[in-house]
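A short write-up of the structure that comes next.
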Amino acid sequence: MRKNFYLKNLDCANCASRLEVAIQKLNGVKDVTVNFFTQMMRLELNDDYNDEILNELKRVCAKIEPDVVIIEK
Amino acid sequence: MNHKEKKLLVRILLSIFFLIVSFIVSTNEILLFVFCFISYLLVGGEVLMKAIRNLFKGKFLDENFLMSLATVGAFVLKEYFEGVFVMLLYQIGELFQSYAVENSRKSISSLMDIRPDYANVYIGEKLKKVNPETVKVGDLIVVKAGEKIPLDGVVENGEGLIDTSALTGETVPKRVMKKSVVLSGCINKTGLLTIAVTKEFGESTVSKILDLVENASSKKAKAENFITKFAKYYTPIVVILALCLAFLPPIFVRNLTVIECVKRAMTFLVISCPCALVISVPLSFFGGIGGASKLGILVKGSSYLEALSKTKVMVFDKTGTLTKGKFSVTKVFPITISEEKLMEFAAYAELYSNHPIAQSIKDSYKKKINKDRISDVKEFSGKGVVCKVSDKEIAVGNKALMEDLAVSFSEEKNIGTTVYVAVDKKYVGYISISDQIKDEAELTIQKLRTENKIDKIVMLTGDNEEIASSVALQLGVDQYYSKLLPIDKVEKVEYLLLQKNQNTNVAFVGDGINDAPVLTRADIGIAMGALGSDAAIEAADVIIMDDDLLKINEAVSISKRTIKIVKQNIWFAIGIKVVFLILGAFGISHMLEAVFADVGVSILAILNSMRALYVKKR
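Residue numbers (our numbering), protein chains in the order written: chain E, 106 to 178; chain R, 1423 to 2040.
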């Protein structure tokens, strides 16, 4: 399952890579890339994912970059 | 400038104003403090807030925290000016950096400006704009002059010129008319086109290309991974060094105070921020990929750009890559009759044959064929055709056919295929048919050698030895292999991969039609003329949208240039940082210089990496 997100207000490259590392560690995440320049996050989830992971995602994101708003595309 | 940047600019200007006021009143200690403090809060309030917020989340060593600590420290030591200056400089730097990033984002997104926003569809009598994603296969869409073609399809009505430059980099517009296949992402320059949609939006060319470009950064280059690893070890090492710097020297060196050493340690930390690297390296790769796409060269990821720059051996497939892949008559050699007559006999005899060779003879004859004159057509598979034209018996075919018919003829050793013609069992001449070498093939090979230092150029082909050696000689390749089946091509590439030096790469260039396994096996697979070919786009790492061989050379040039910029940035940023770290440690450079070095390096590195985006258009 592949999902794309727009990361509004992502304006620090270092945070983008920290975000990537943190999300990669989440359970159920197969692969993730955060592109600082297009402000896009491409998320590859295991097939048996549930919506809980999206909340988890928001939590991790709020911890690292509180300004960023995650918008699903 | 966006909203956020404008707000920051206003605060910076106000802050400067209050700083000037404080200069004027600097004789009065209290007034000086008040105005400096106002100035400081204006420019640094946000940073302070962030630092406090992050502190509660257990995040100590970010930039906000360091800047707050340094400037508050300055205020405590009653060095008000320094406190304001440092914060002001930091924020001006941030503003510049944000502006530069914003600009690069814009240049990059303008490259991707091929996404169509709407499609014109008839709903009842009226033409309406709808979302391209809702249009189905078989629907009719209307594209007016100046509009983007939103979905792949076939022209049903109308004709015009279309600009394919967004897909291919080709600036000469292409003429289309009824029954022409058109691809999404092109722009209709003139005329009104009614198009029958053949692919849904998600499957259309424009979606595929956008997907490729947008996701290109997911395949990270070694240089990018190096930065991530570097940051991982670098930060803790720097923090430990800073702690040592703050508390060890006062113990061993007599006249150094703890305050002086803590100041040095903080300067050290401010300089150490790896921002310049973290931003500029991916930006350079992104720029390189974006620049290439302007020329109609798609690179699937930064790792491939990096690999391409290390190419030393380049393997070309012959048919369809170095040659046009189209057979045409290259020589007409009559013996007893006129050249015209010979072509006429051959064209008449081949009229009903679908063989590619028959096709090329008919194409080159061009005159109208009177079907009534032809009778008794007999086709001998793998040999040729015998038929009656008017009252003559015409035989057109290869050596085997002539031998079967017991025609006495002289065997010709020609490049390509020789077709013998006999009239009433008497040999009258032959026609030679071969594939043509692309006009730019020789120049491309020369340029690859001289401009991009490719050591070895190899040609692979399924054709026979004569054709292979002739083409190889004409083009001046270093090595060639003939009579190869597709599976043999994989073997040859594997052999070349074994021979190569570890730090160099073997690239394979093919048309992607039946060489997908070779494209995947080579270090770098380059597919040519891939526009509209899904298999090639799937299998290759680098995709040249049209048939222009020179773009292979350009792709290698762009990759080398990008890597050069990346290396410049890495060495420049690390070099400057190390110098300032040492200066900071010994107390030679202070906070102000530290901020200047940090921000300056970042901005210069960003500007440098933007160069990767600009490629020369031919």
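Positions of the beta carbon are idealized from the N, C-alpha and C atoms, including for glycine.
With respect to I1837(R), Y1770(R) sits apart: the two C-beta atoms are not nearer than 8 Å. Against chain E, a Cβ distance below 7 Å from S1520(R) picks out D116.
Each residue's CA atom was taken as its position, placing D1945(R) and S1725(R) some 11 Å apart. Residue pairing by DSSP places I1948(R) opposite V1931(R) and V1964(R) in a beta bridge.
Identification of residues in the stretch 123-142 of chain E having a C-beta nearer than 7 Å to some C-beta of chain R yields T138, N140, F141 and F142, given in sequence order.
Residues of the stretch 1641-1675 of chain R with a C-beta atom less than 7 Å from some C-beta of chain E are T1650, listed in chain order.
Non-local beta-carbon contacts of D1900(R) in its own chain, meaning distances under 6 Å to residues more than five positions away in sequence, involve K1878 and I1879 in chain order. For the stretch 1558-1636 of chain R, the continuous beta strand (DSSP E) assignments of 3+ residues that do not extend past its boundaries occur at 1562-1565, 1575-1579, 1582-1585, 1596-1598 and 1615-1619, in sequence order.
Residues K1734, V1735 and V1928 of the same chain have their beta carbon placed closer than 8 Å to that of K1922(R), with the five preceding and five following residues left out of the count. Between the C-alpha atoms of V1818(R) and Y1842(R) there is a straight-line separation of about 6 Å.
Looking at K168(E), R107(E) and I176(E), the one whose alpha-carbon comes closest to that of K1472(R) is K168(E). Taking a C-beta distance under 8 Å as the contact criterion, V1931(R) and V1737(R) qualify as a contact pair.
Counting of Cβ neighbours within 10 angstroms places N2030(R) among the buried residues, the total reaching 16 or more. Selection I1446(R), L1464(R), L1431(R) and E1485(R) evaluated against V2021(R) yields E1485(R) as nearest (Cα-Cα). In summary, F1749(R) is buried, with 16 or more beta-carbon neighbours lying within 10 Å of its beta-carbon over all protein chains present.
Straight-line measurement puts the Cα of V2037(R) at about 21 Å from the Cα of I1876(R). With respect to chain E, the C-beta atom of L2035(R) has no partner C-beta closer than 8 Å.
DSSP places N1525(R) in the helix class (H, G or I) of the three-state scheme. V1940(R) and K1911(R) have their alpha carbons spaced roughly 7 Å apart.
In this structure R123(E) is buried. Its beta-carbon is surrounded by 16 or more other beta-carbon atoms within 10 angstroms.
Contact check for E1578(R) against I1617(R) passes: the beta carbons are separated by less than 8 Å. Listed along chain E, the residues sitting closer than 7 Å to L1705(R) by beta-carbon distance are F142. Restricting attention to alpha helix (DSSP H) runs no shorter than 4 residues, the stretch 1758-1832 of chain R encloses them at 1761-1771, 1778-1787 and 1821-1826, ordered along the chain. Using a Cβ-Cβ cut-off of 8 Å, N151(E) does not count as an interface residue toward chain R, since no Cβ of chain R sits closer than that to its own.
Using a 10 angstroms sphere on the CB of C1666(R), the tally of other CB atoms stays under 16, which defines it as exposed.
Against chain E, the CB of R1983(R) has no partner CB under 8 Å away; the residue lies outside that interface. DSSP, reduced to helix, strand and coil, places N151(E) outside both helices and strands of the structure shown, so it counts as coil. By a beta-carbon distance limit of 8 Å, V139(E) contacts E125(E). Their separation comes to about 4 Å. Between G1947(R) and A1962(R), the CB-CB gap stays under 8 Å. Membership of Q144(E) in any beta strand (DSSP E) is not indicated, and neither H nor E is assigned to it by DSSP. Here the stretch 1542-1550 of chain R does not lie against the stretch 1590-1603 of chain R, with fewer than 3 beta-carbon pairs under 8 Å apart. Judged by their CB atoms, V1964(R) and L1730(R) are nearer to each other than the 8 Å cut-off.
Annotation: S1979(R) to M106(E) spans about 37 Å, alpha carbon to alpha carbon. Counting only runs of 3+ residues, the beta strand (DSSP E) found wholly inside the stretch 1830-1876 of chain R occupies 1839-1845 and 1848-1859, in chain order. With respect to the 8 Å criterion, K1973(R) and Q1858(R) are not classified as neighbours on the basis of their beta carbons.
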